[in-house]
Each structure stands twice: as C-alpha cells, then as structure tokens.
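Written below as structure tokens is the structure these notes are about.
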Amino acid sequence: MLEQLNNLLPNLMKRLPEFWKAAGDTLIMEIWSGAIVFVIGLVLGVILIVTKPGGIMENKIIYQVLDKIVNLFRSIPFIILLTALMPLSRWIMGTAIYVRGVIVPLVFGAAPFFARQVESALAQTDHGLIEAALSMGSSPLEVIFRVYLRESIAPIIRATTITAISLLSLTAMAGAVGAGGLGDFAIRYGHDRNMIDITWVTVIILVAAVSIVQWLGDYAARKNTH
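Here our numbering is used: the first residue of the sequence shown is 7, the next is one more, and so on.
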C-alpha cells in the first residue's frame, strides 16, 4: 500500500509532515475565525433586524450605519481585503502573515456575510408571534431571545453552514499571501513547482471537508426544524 502511494503521489509522500501541518493550520484558521465570525455576525444580524424600519427597536441611524458598513465590507474582494488589513492585523495580532495574521481579514471578510444571512433568517420569523409576545408585556430583549432566536434556530444553522464553507474557501485563498494552511501548501508546491499530485490531493481534501460540513449542517437543521 505504501509503495503504491509513493508511486501515485510521490511529491506528497515526501512532504507528508508539512502536508499535515498545513491541514492543521487550515483547521485552526477555520475554528478561530469561525467562532469570532459567529458571535459578531449573530450580534450584527440581530441589531439589523430589530433596528430596521418597523422593527421592535426601530432606530434609523443605527440601522443605516450598520447597513452601510456591512455592505462596504461585503463589496470588497477578499484578496484586496487581505492586503488592506495587514496594518490592522499587525497591530492586533502582532503579525500580518501566517495563521495568526490572517484571522483578522477572515473575520472582516466573513462576518458581514454571516450578518446578512442571520438577518435573512430572523426575517422569516412569524410576525404574529412577535406581536403576541409584545402584547403580553415581553421586553425587546425577551422577544429577541424567546421569539427571534428560538424560532430561527434551523435557518441560523443553515446560515452558519454556508458561512463555514465560505470561510474554508477564504482560508485557501489566504494562502496566496503566505497565511499557511492547505491553500499555501497547494500554491507553493502544486502551482509554483507544478506538482500535480499535491494539487489534486488538496482539492480532494477541501471537497471532503466541505461535504462533511454541509452534511453536519443539514443534519442539525433537520433536527431543529419545528
């Protein structure tokens, strides 16, 4: 078996320790940035839905400011965002490269996207339930937790799944600026040195990861669908 792998994937087998380290770096980027994106995006999504015109805490100024900020960062291509945020990454993380350095642009790139997904998920909440909760004397905070979030668990899970998959793609793209991970590994060896076996194995690993995340997300959403 080992001999067959050496014949089929000669370049990869010579660099297995580096390959596993790259896979681990990708996982670290996904987990850390994903956790931060989830918290920030969820908060932004909730604020957008409750402060919009007709919302339970309508505030035109807050809504317009957040709406414009979210649209701004969603409109910037991630590869440009990576370079533009290098000074901020260096200030916050102490470096603008490797795994630590890419966390900041990953968050800025994915949080606005997730915020819109959350806003869309919360917008599906039955307005009758919201009015009923308010008529019973529930505070806006109680409506947010007991109605909006409780009734939108499945849509939020789906939004989280989509964002996690998008983040995985962004971590691969971040390899172009030396962020480490599978993207960097594939570019340095698969592209720059024309080692085709490394390119294809990286692609297969990423496709498998996306499939697993999608399956887990679909399963969790089905379990939480009313």
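Cβ coordinates follow ideal geometry from the N, Cα and C atoms, glycine included. Note that the coordinates shown come from a computational prediction; the quantities given were computed from them, not determined experimentally.
(message) Since Pro-6 and Ile-62 should fall inside the 8 Å C-beta cutoff, what is the C-beta to C-beta distance between them, to a whole number of angstroms?
(response) With the chain running from 7 to 232 in the structure shown, residue 6 is simply not present.
(message) Taking the straight line between their C-alpha atoms, what separation do you get for Ile-85 and Leu-33?
(response) 20 Å
(request) Using a threshold of 8 Å, state whether the C-beta atoms of Leu-192 and Gly-107 are closer than that. (result) According to the sequence provided, residue 192 is Ala. The question's Leu does not apply to it. No.
(message) My output table needs one value for Ile-211: the three-state DSSP class, helix, strand or coil.
(response) helix
(message) Which residue marks the beginning of the alpha helix (DSSP H) containing Lys-20, and which one marks its end?
(response) 16 to 20
(message) Output needed for Ile-42: all residues of its chain with C-beta closer than 7 Å, excluding positions within five of it in sequence on either side, in chain order.
(response) Val-113
(message) What does the alpha-carbon distance come out to for the pair Val-209 and Lys-27?
(response) 16 Å
(message) Less than 8 Å between CB atoms is the rule here; does Ser-126 satisfy it with respect to chain B?
(response) Looking at the structure shown, chain B is missing, and only one protein chain is on hand.
(request) Have a look at Arg-60 and Glu-125 and give me their C-alpha separation to the nearest angstrom. (result) A small fix is needed here, since residue 60 is Gly in this sequence, not Arg. Going by the C-alpha atoms only, they are around 14 Å apart.
(request) Rounded to whole angstroms, what's the CA-CA distance from Leu-50 to Leu-174? Just pull it up for me. (result) 22 Å
(request) May I have the straight-line CA-CA distance separating Val-207 from Gly-30, to the nearest angstrom? (result) 15 Å
(request) Let me know the secondary structure DSSP gives Pro-23 once reduced to three states. (result) helix
(request) Closer than 6 Å by C-beta to Arg-164: which residues in its own chain qualify, once you throw out the five before and the five after it? Chain order, please. (result) Ala-227
(message) Within a Cβ cutoff of 7 Å, which residues of the same chain sit near Gly-40, ignoring the five residues on either side of it in sequence?
(response) Ala-170 and Leu-173
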